[in-house]
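S.K.: Per UniProt numbering, the very first residue in the sequence shown carries number 1; after that it's consecutive. My questions will all concern the structure given below.
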Amino acid sequence: MSDQEFDRCASVPSPLSLKANMLWNSAGSLTYLACQWLVTVLVVRLTSGYDAAGLLSLAMSVTGIFGTFATYKMNTYQISDVHHEHKLVDYLGFRLVMLVGTFAACMVYALLTCTEGALLTIALFYGFKGVGLVIDVLHGADQQHRRMDYIGKSFMLQGVGTLAAFALVFGLTQSLNAAIVAMGAAALAVLVLFDLPHTGRLEAVSVRVNRAETLFFLRTSLPAVVASVAASALFTIPKQYLAVDAGDAALGIYASVSAIALVVQMGAQYLYVPLLDVFPRAFFDEGAGAFKRLLAKAVAGILAMSVAATALLVLLGPWVLGLLFGESILPYAYLLLPVILATVATAFLWFLGDLLIALRDFRGNFWGNIAALAAVCALTVPLVGAYDMNGVSFAGAGACLVGVAVCAAFLARDVRRRGRSDASEAETEPGKQIIPGERAEVSSPANEPGISSIGCD
């Protein structure tokens, strides 16, 4: 270890408590999401027409399609790499490789499906989102070191900064492209002035494109990417069928009602995402018993949050719908409860899928989401035909529950194997206990020879 590395390791900030990390992550994420939503409001309020709003929506949709491939489901993988089997430089290098590759694919898609006037806007918005995806890799390192206050503050700075930049430039110029450039500049400033220095306190930050590492990531995370694409289709398929069967107005009504139920999904994510590095530590280092106790607490927390959010939305949902969309939406408030139940089922599918990735069970995550996709294909036509708009919720919820059952079966198998491994170690060395921080020898796709650990151990 060089003198510079020794000095950095000696001054590494202490980790925060789990509660503090959850609070910072939730506060930052909510601030960022609120600011991004306000951008979509301002693009309408600051101009006399809807052309800019439509173009911004198009850019968001097109770049969103390729966002899954740019991230390549590596965020969960990186966060759960608790023993630093891969270095931050390699995660950053892989993210840049994927950003370049998906940009080319995105622009080819845009050239084939969009008007010529939209191409520059799509390219600029992709650049803005790309800065955020680079920041996400640094946030992965922050979470590994249990400093999610850095993440929360970064999200707050990104949200407020990009909102202010958009409002100022778009208000003065009425140019959507100029406003997107300003948003990208604000995000880049947060990356350079905040995230790089703060993550640099935890470990060395640089970029390396390693062919072997790139091929390993491409091969290992491919099932998770396919599973993510399948998961994204679980409500898209019944919504599209609803539009064909009942018309665009029915789809618009359903989309408006379902928007407020996203708070349940977001709440579940804010609860379990800070645990994605805690779960593998418990599983691989402390044994099946510690993992099951942590899992029980997480499931209980998600259930409690879901019950509380459901009760709140049932009581206040109609009032909120009327406030946001006017009295014309009130006759459709009956859609809310099925939407909430479908959202809870989705939250559990996401949770179990991410948990399986954290435990390096990519097969379980893959088959869980593929089973859900097959189920929604089978359920959509009969349920939407029978229950109209509620059929979308019933089909999506049923599919998610099928996926949850499959993921839970794979997780139970993993826990049984971990338990047998614990028992075997105890028999081999009587009286020995698995000590936190002492790694158990467990088969994992990431355990490849020749990959050294990093950090300040």
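Glycine is no exception: its CB is placed at the ideal position from the N, C-alpha and C atoms.
(1) Just verifying my parser: in three-state terms, what is the DSSP assignment at Asn21?
(2) For Ala53, which residues of its own chain have a beta-carbon under 6 Å away from its beta-carbon, when the five flanking residues on both sides are left out?
(3) To the nearest angstrom, how far is it from the Cα of Ala342 to the Cα of Pro280?
(4) Exposed or buried, what is Tyr334 when buried is set at 16 or more other beta-carbons lying within 10 Å of its beta-carbon?
(5) Return the CA-CA distance between Pro13 and Thr199, expressed in angstroms with no decimal places.
(6) Going by DSSP in three states, Arg293 sits in which element: helix, strand or coil?
(7) Using a Cβ-Cβ cut-off of 7 Å (strictly less than) and excluding sequence neighbours within five positions of Ile79, which residues of its own chain qualify?
(8) Distance check for Gly364 and Leu295, CA to CA, integer angstroms please.
(9) Report yes if the C-beta distance between Thr162 and Ala186 is below 9 Å; otherwise report no.
(10) Rounded to a whole number of angstroms, what is the C-alpha to C-alpha distance between Gly322 and Ala345?
(11) Just verifying my parser: in three-state terms, what is the DSSP assignment at Lys87?
(12) Using C-beta distances below 6 Å, list every residue in its chain close to Phe291, excluding the 5 sequence neighbours before and after it, in chain order.
(13) Which complete alpha helix (DSSP H) runs does the segment 293-367 hold, if anything under 4 residues is left out?
(14) Can you give, in chain order, each stretch of the alpha helix (DSSP H) that sits fully within the segment 187-218 and has at least 4 residues?
(15) Three-state secondary structure (DSSP) at Thr47?
(16) Measure the CB-CB distance between Phe166 and Val39 and report whether it falls below 9 Å.
(17) In terms of residue numbering, what span does the alpha helix (DSSP H) encompassing Ser256 cover?
(18) So Thr310 and Ile329 are in contact, right, with Cβ under 8 Å, and what is the actual spacing, rounded?
(19) For Thr380 and Pro274, what's the separation of their Cα atoms in angstroms?
(20) Report all residues from its chain with a CB closer than 8 Å to the CB of Asp149; omit the five preceding and five following residues, and keep chain order.
(21) DSSP three-state label for Pro436, please.
M.R.: In terms of the structure at hand:
(1) As a working note, residue 21 is residue 21 in the sequence shown. If DSSP states are grouped into helix, strand and coil, Asn21 belongs with the helices.
(2) On the sequence shown, residue 53 is found 53 positions in, with the first residue counted as 1. Closer than 6 Å at the Cβ level, and outside the excluded window around Ala53, lie Val43 and Val44.
(3) Taking the sequence shown and counting its residues from 1, one reaches residue 342 at position 342. Taking the sequence shown and counting its residues from 1, one reaches residue 280 at position 280. Roughly 28 Å separates the two Cα atoms.
(4) Counting from 1 along the sequence shown, the entry for residue 334 is found at position 334. With fewer than 16 other Cβ atoms within 10 Å, it is exposed.
(5) Taking the first residue of the sequence shown as position 1, residue 13 is located at position 13. Taking the first residue of the sequence shown as position 1, residue 199 is located at position 199. The straight-line gap from Cα to Cα measures roughly 10 Å.
(6) Position 293 of the sequence shown, counting from 1, holds the residue named residue 293. DSSP places Arg293 in helix when its eight states are reduced to three.
(7) If you number the sequence shown from 1, residue 79 lands on position 79. Hits under 7 Å: Gly140, Gln143, Gln144, Leu276 and Asp277.
(8) Sequence index remark: in the sequence shown, residue 295 carries index 295 (1-based). Sequence index remark: in the sequence shown, residue 364 carries index 364 (1-based). If you take the alpha carbons of Leu295 and Gly364, they lie about 17 Å apart.
(9) For the purposes of this step, residue 162 is taken as the residue at position 162 of the sequence shown. For the purposes of this step, residue 186 is taken as the residue at position 186 of the sequence shown. In this structure, Ala186 lies closer than 9 Å to Thr162 by Cβ.
(10) In the sequence shown, residue 322 corresponds to position 322, counting from 1. In the sequence shown, residue 345 corresponds to position 345, counting from 1. One C-alpha to the other measures close to 26 Å.
(11) Here residue 87 refers to the residue found at position 87 of the sequence shown. Residue state, collapsed to three classes: coil.
(12) Sequence index remark: in the sequence shown, residue 291 carries index 291 (1-based). Ala282 and Phe283.
(13) 336-358
(14) 196-200
(15) Numbered from 1 along the sequence shown, position 47 holds the residue referred to as residue 47. Residue state, collapsed to three classes: coil.
(16) Here residue 166 is taken as the residue at index 166 of the sequence shown, counted from 1. Here residue 39 is taken as the residue at index 39 of the sequence shown, counted from 1. Going by C-beta atoms, Phe166 is nearer than 9 Å to Val39.
(17) Position 256 of the sequence shown, counted from the first residue, corresponds to residue 256. Its alpha helix (DSSP H) spans residues Asp248 to Ala259.
(18) Taking the sequence shown and counting its residues from 1, one reaches residue 310 at position 310. Taking the sequence shown and counting its residues from 1, one reaches residue 329 at position 329. Thr310 to Ile329, Cβ: 19 Å. No contact.
(19) Position 380 of the sequence shown, counted from the first residue, corresponds to residue 380. Position 274 of the sequence shown, counted from the first residue, corresponds to residue 274. If you take the alpha carbons of Thr380 and Pro274, they lie about 34 Å apart.
(20) Numbered from 1 along the sequence shown, position 149 holds the residue referred to as residue 149. Once the five neighbours on either side are set aside, the close Cβ partners of Asp149 are Leu16, Ala20, Asn21 and Trp24.
(21) Looking up residue 436 in the sequence shown gives position 436. At Pro436 the pLDDT is 39, less than 50, meaning the model places this residue with poor confidence and gives no usable figure here.
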